[in-house]
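Novice: The structure that follows is given in the form of C-alpha cells.
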Amino acid sequence: MGLALIAVSLLIGLGAAGTAIGFGLLGGKLLEGSARQPEMAPMLQGKMFLIAGLLDAVPMIGVGIGMYVLFVVVPTLAA
C-alpha cells in the first residue's frame, strides 16, 4: 500500500515537472523564433498554443491515472 502511494506521488510530480520543463523550452523557442523572423510571430504563436494544449494534457492524464490507483487499486490491496 505504501509503495502505491509513492508511485502515485511520483506519477503526478514527475508529470508536472516534465510539463514545466516542456513549457519553458516551448516559450524559449517561441521567443527565439519570433526574434529571428518577426513576420512569422503570429503563426508561431498559434502553433505554440496548439502544442501547449497538447502538452497540458500530460499532467491531466497523470492525475487521472494517479487518482484511479489511489481510489480503486489501493483500497482493493488493503482489503
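Be aware that the sequence shown starts at 7, since it is given in this note's numbering, and climbs by one per residue.
Ideal placement from N, C-alpha and C gives every residue a C-beta, glycine not left out.
(1) Where does methionine 7 sit, in a helix, a strand or coil, going by DSSP?
(2) Using alpha carbons as the reference points, say which of Ile57, Tyr74, Leu76, Leu83 lies closest to glycine 33.
(3) What residue range is occupied by the uninterrupted alpha helix (DSSP H) comprising proline 65?
(4) My output table needs one value for alanine 85: the three-state DSSP class, helix, strand or coil.
Specialist: Judging by the given coordinates:
(1) Of the three classes helix, strand and coil, the one that applies to methionine 7 here is coil, per DSSP.
(2) Of the candidates Ile57, Tyr74, Leu76, Leu83, the one whose C-alpha sits nearest the C-alpha of glycine 33 is Ile57.
(3) Going by DSSP, proline 65 is part of the alpha helix (DSSP H) stretching over 47-74.
(4) Note: alanine 85 maps to coil in three-state DSSP.
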